Amino acid sequence: MAKNAPKPDAALLTRKPGLPLGWEALLVIILVASLVAGRVLSSVFLSGANISNVLADLTEVALMALPMTLIIVAAEIDLSVASVLGASSALLGVLWHMGLPMPVAMALVLVAGGFAGLFNGLVIVKLNLPSLAVTIGTLALFRGLAYVLLGDQAIADFPPGYTLFGMSNLGSTFIPLPFLIVAACAIVFTILLQATAFGRSLYAIGANSTAASFSGIDVPKIKLRLFVMSGVMSALAGIVYTLRFTSARGDNGEGFELSVIAAVLFGGVSIFGGRGSMYGVLLSLLIVGVLKNALTLVDVSSETLTIVTGALLLASVLIPNLAARWRLLRDRRALARAA
Numbered sequence: 101m102a103k104n105a106p107k108p109d110a111a112l113l114t115r116k117p118g119l120p121l122g123w124e125a126l127l128v129i130i131l132v133a134s135l136v137a138g139r140v141l142s143s144v145f146l147s148g149a150n151i152s153n154v155l156a157d158l159t160e161v162a163l164m165a166l167p168m169t170l171i172i173v174a175a176e177i178d179l180s181v182a183s184v185l186g187a188s189s190a191l192l193g194v195l196w197h198m199g200l201p202m203p204v205a206m207a208l209v210l211v212a213g214g215f216a217g218l219f220n221g222l223v224i225v226k227l228n229l230p231s232l233a234v235t236i237g238t239l240a241l242f243r244g245l246a247y248v249l250l251g252d253q254a255i256a257d258f259p260p261g262y263t264l265f266g267m268s269n270l271g272s273t274f275i276p277l278p279f280l281i282v283a284a285c286a287i288v289f290t291i292l293l294q295a296t297a298f299g300r301s302l303y304a305i306g307a308n309s310t311a312a313s314f315s316g317i318d319v320p321k322i323k324l325r326l327f328v329m330s331g332v333m334s335a336l337a338g339i340v341y342t343l344r345f346t347s348a349r350g351d352n353g354e355g356f357e358l359s360v361i362a363a364v365l366f367g368g369v370s371i372f373g374g375r376g377s378m379y380g381v382l383l384s385l386l387i388v389g390v391l392k393n394a395l396t397l398v399d400v401s402s403e404t405l406t407i408v409t410g411a412l413l414l415a416s417v418l419i420p421n422l423a424a425r426w427r428l429l430r431d432r433r434a435l436a437r438a439a
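In terms of my numbering, the numbers along the sequence shown are unbroken and rise by one, the last being 439.
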């Protein structure tokens with residue numbers, strides 16, 4: 101922020117962003133109902149091994165959904181996350197094949213992910229272009245880079261110690277080791293959004309970017325940070341995905357962006373920005389994971405799972421919109437009666 105720039109307006113940074121508590125309560129009910137339905141559909145649904153599968157399958161989508169929540173709260177979007185995952189997976193395989201130690205290769209992949217996010221952010225912020233259009237372009241760009249790196253080949257000779265981490269549970273529990281990374285990141289991102297001035301700035305930007313800028317919030321700088329976060333977390337998701345499936349491929353994570361956005365919006369985050377919470381997104385991730393797993397257990401096709409994801413995405417946009425219209429109609433009727 102410039103030396104003589106105005107200080108951020110106290111009203112913007114100290115206001116309590118309205119959390120969709122009613123929606124979150126509904127998500128809890130849906131989660132419980134999904135668990136009951138899963139148990140009815142399959143006798144093995146609530147087994148420790150299957151719960152472990154649910155949590156493991158959530159890992160990469162959850163890692164990308166955490167920064168996506170912050171981005172959408174700020175009224176932006178990043179459609180390139182799954183392509184960054186694929187490019188990161190391919191890069192990890194190439195670097196390992198070149199003879200680099202695995203820790204060095206993973207560190208370089210995270211740096212590359214950060215640069216991918218920085219590229220998105222600079223194009224959006226410096227050229228004042230819509231993030232939707234920019235990240236549709238980089239979705240194709242980064243996926244293309246993944247295929248340039250590996251083509252149709254796969255690299256699978258990773259060190260057993262690392263792949264074992266990707267496939268193992270914590271001791272004798274049903275908690276997959278990669279899910280511990282998700283839990284740690286979820287705590288950090290929840291605190292960042294819900295309990296810091298930075299998080300309150302995101303709500304202010306999402307509600308009215310111009311007003312936030314006039315209040316002294318450095319909007320371009322914050323948005324740039326968000327896209328860098330998204331790139332790093334997508335690269336981390338690429339590393340975890342590669343180790344879980346012991347394979348680096350250019351098409352890894354293809355189509356995941358739909359699941360990520362569906363989870364965030366179904367969690368109560370407004371597509372227009374300025375509203376939502378990390379709590380709702382975490383509940384939504386669990387619901388999506390439970391539903392997909394339950395349907396998979398009864399041999400539902402992947403095409404049907406895609407339809408379910410699309411339906412959740414559509415519901416997350418339609419239901420809040422219909423609820424807002426109903427409240428407006430109710431208020432108008434109340435005013436008419438009072439008059």
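Note that the Cβ used here is the ideal one computed from N, Cα and C, for glycine as well. Computed from a prediction, not measured in an experiment: that's the story for all the values here.
Val390 sits close to Gly138, with the two beta carbons spaced by under 7 Å. Rounded to the nearest angstrom, the Cβ distance from Val209 to Leu191 is 5 Å, consistent with a contact under 8 Å. For Ala254, the secondary structure class from DSSP, reduced to helix, strand or coil, is strand.
Within the region 140 to 208, the complete alpha helix (DSSP H) segments of 4 residues or longer fall at 148 to 173 and 181 to 197, listed in chain order. For a cut-off of 8 Å, the C-beta gap from Leu141 to Val398 is around 5 Å, short enough to register as a contact. Under the three-state reduction of DSSP output, Ala295 falls in the coil class, being neither helix nor strand. Secondary structure at Pro276: strand, using DSSP grouped into helix, strand and coil.
Under DSSP, the beta-bridge partners assigned to Asn269 are Pro276.
Put simply, the region 360 to 380 touches the region 172 to 189. At least three CB pairs are less than 8 Å apart. If you draw a straight line from the Cα of Asp318 to the Cα of Glu176, it comes to about 15 Å. DSSP places Arg349 within a strand segment (E or B) once states are collapsed to three.
Listed in chain order, the non-local C-beta contacts of Thr263 below 7 Å within the same chain comprise Leu343 and Thr346, local neighbours out to five positions each way being set aside. In this structure the region 401 to 416 does not lie against the region 154 to 170, because fewer than three pairs of beta carbons, one per stretch, are closer than 8 Å. Taking a contact to require three or more Cβ pairs closer than 8 Å, the region 306 to 320 and the region 392 to 408 do not qualify as touching. The DSSP-derived three-state label of Asp431 is helix. Here DSSP, grouped into helix, strand and coil, assigns Arg437 to helix.
By the Cβ test, the region 264 to 280 is not in contact with the region 375 to 383, since fewer than three Cβ pairs between them sit closer than 8 Å. Cβ-Cβ separation between Ile361 and Met168: approximately 7 Å, consistent with a contact (criterion under 8 Å). Where Glu357 is concerned, the enclosing alpha helix (DSSP H) starts and stops at Phe356 to Phe366.
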